[in-house]
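Below: one structure, written as structure tokens.
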Amino acid sequence: MDQVQAKALAAIQPVIYQITTSKNATPRFVAELIKGVISDRGAYIFTELLQLPTVQALRGTEFEPWLTLLEIFSWGTYQEYKANPLLPQLDVHQTLKLRQLTLLTLASPFSPPTPNNTTTNNNLTYAALLSRLQLSSPEELESLITASIDCNLLTARLYPTSSPSAVHIISVAPLRDLRPQSLTTLLQILQTWESRCVSVVSDLEAQIATIRNTAQQRALKEKKRQDLVDSLVLSTDRPSNDNGVSEGRAIRAPGQKLGSKRDLDQHIEGEDDDYEEEYEGMDLDEGISESAGFPGGGSGSGGRGGGLSRGAKRNRGRGSK
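Numbering of the sequence shown is given in full-length UniProt numbering, commencing with residue 1 and proceeding in unit increments.
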């Protein structure tokens, strides 16, 4: 529970106790208690007091205006008070309090509609507030809002130089009771809020599924690329020959280039099927030997053997001389 709300509930407990424990709670006695509680600067919530049978018993008596006035302080506005000339007169402190409570109502989703659409997104224009609160100058309005902020009734910012001048209500304390006829409106607001929450959750779940699908596809593509690289590396390795000399990796002929990353991607995605069939059908040793100028193939050791034959021919030439 909000701290301000807790203090407001605690402020009316002494009045409730006096009414419930009094053996002779006359209408005049109850009316005097109502007059005192609406003057209390810490009392802003009056539902528990209104629900007492002794307080409801004022209806139909000469003290009924005090019951009506208590209902206005509970959920009404200053305009409603001024529209009923039969209600008791308010002093300065009571008037200030009712205007502050009216300001909380105007800043809430349950606010009555404002003429000419002068309230949007918790932005209340100076003109609308001056009319609804029946204030004569912007200075009085700014003083009222400042006093409400100091009492922790609301959080707001003033924009007197904007066009039009406006008050931006950031938050309000939960100090107003709901009108008996506002339950339908409250239900509609909750249903709208629920539908928005469901929509946001659905959008988040769809985005999460898309991210997971993209990550899985990327991981699968990387695995295929790595498998292809591993197979190419293994295909270039040869075991030792009959003489026990390890042939190692095949020698890359001059001008022969290794496959690029793009070639690997095309190979994986199946975009270069001709290249894949040609590559798989060609013997690596054969391709290297032909590119090195040795017809008929031959391994790296065969290449070295060719070098020894040329050396023998040169030696025979020296011997003949």
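Glycine included, C-beta positions come from ideal geometry on N, C-alpha and C. It should be emphasised that the depicted structure is a prediction, and the values quoted were computed from it without experimental measurement.
Got a sec, what are the start and stop residues for the alpha helix (DSSP H) residue i sits in?
| i | result |
| --- | --- |
| S74 | 64-75 |
| A6 | 3-11 |
| A58 | The sequence given here places Leu at residue 58; Ala does not occur at that position. Segment: none, L58 is in no alpha helix (DSSP H) and carries neither H nor E. |
| T155 | First-last for T155: 154-159, but that is the beta strand (DSSP E), not the alpha helix (DSSP H). |
| S195 | 183-235 |
| I137 | The sequence given here has Ser at residue 137, not Ile. Where S137 is concerned, there is no enclosing alpha helix (DSSP H), given that its DSSP letter is neither H nor E. |
| Q94 | 92-106 |
| R28 | 27-39 |
| L49 | 47-50 |
If you follow the beta strand (DSSP E) that residue i is in, where does it begin and where does it stop?
| i | result |
| --- | --- |
| I170 | 166-172 |
| N123 | 123-125 |
| Y81 | No beta strand (DSSP E) contains Y81, which is instead part of the alpha helix (DSSP H) from 78-82. |
Run the CB neighbour count on residue i, radius 10 Å, all protein chains shown included, and call it buried at 16 or more, exposed below.
| i | result |
| --- | --- |
| G76 | buried |
| Y44 | buried |
| L187 | exposed |
| T161 | exposed |
| D273 | Unreliable positioning characterises D273 in this predicted model, as indicated by a pLDDT of 49, which lies under 50. A coordinate reading is not provided. |
| A209 | exposed |
| R132 | buried |
| L154 | buried |
| V92 | exposed |
| V15 | buried |
Work out the CA separation of residue j and residue i for me, nearest whole Å.
| i | j | result |
| --- | --- | --- |
| Q191 | L52 | 32 Å |
| A219 | Q226 | 10 Å |
| T21 | E142 | 43 Å |
| Y78 | E194 | 33 Å |
| P138 | Y126 | 7 Å |
| L234 | K224 | 15 Å |
| I145 | V200 | 35 Å |
| L86 | R196 | 45 Å |
| A11 | A128 | 32 Å |
| N24 | V198 | 55 Å |
| L178 | I170 | 20 Å |
| I211 | L204 | 11 Å |
| V229 | T214 | 23 Å |
| E140 | D150 | 15 Å |
| S231 | Q217 | 21 Å |
| A206 | A6 | 42 Å |
| D285 | K221 | Note that D285 has pLDDT 47, beneath the 50 cutoff, so the model's placement of it is unreliable and the number below is only indicative. Roughly 29 Å separates the two Cα atoms. |
| S163 | S202 | 39 Å |
| F63 | T184 | 31 Å |
| N84 | L90 | 13 Å |
Only counting the same chain, and skipping five residues up and downstream in sequence, which positions put a Cβ closer than 8 Å to that of residue i?
| i | result |
| --- | --- |
| residue 340 | A query on residue 340 cannot be resolved here, the shown segment of the chain reaching from 1 to 321 and no further. |
| P88 | K35, P65, W66, L69 |
| S136 | L130 |
| V55 | I19, V30, I34, L49, L67, L70 |
| A147 | L96, Q100 |
| K82 | Q134 |
| Q94 | I38, S39 |
Can the beta-carbon of residue i be found less than 8 Å from the beta-carbon of residue j?
| i | j | result |
| --- | --- | --- |
| A107 | V172 | yes |
| L69 | L58 | no |
| R176 | L104 | yes |
| L33 | Q18 | yes |
| P174 | D2 | yes |
Within the same chain, show all residues whose beta-carbon is closer than 7 Å to that of residue i, passing over the 5 residues directly before and after it, in chain order.
| i | result |
| --- | --- |
| L9 | I45 |
| F73 | I38, F46, L98, L101 |
| N123 | A166, H168 |
| E80 | I72 |
Apart from the five residues just before and just after residue i, which ones in its own chain have a Cβ nearer than 6 Å to its Cβ?
| i | result |
| --- | --- |
| R157 | H168 |
| S165 | Y126 |
| N152 | V4 |
| G244 | Note that G244 scores a pLDDT of 48, beneath 50, so its modelled location is shaky and nothing firm can be said. |
| Y159 | A166 |
Hey, is residue i close to the ligand MG, as in C-beta under 7 Å from one of its heavy atoms?
| i | result |
| --- | --- |
| A209 | In the structure shown, the ligand MG is absent, as is every other ligand, since no ligand is present at all. |
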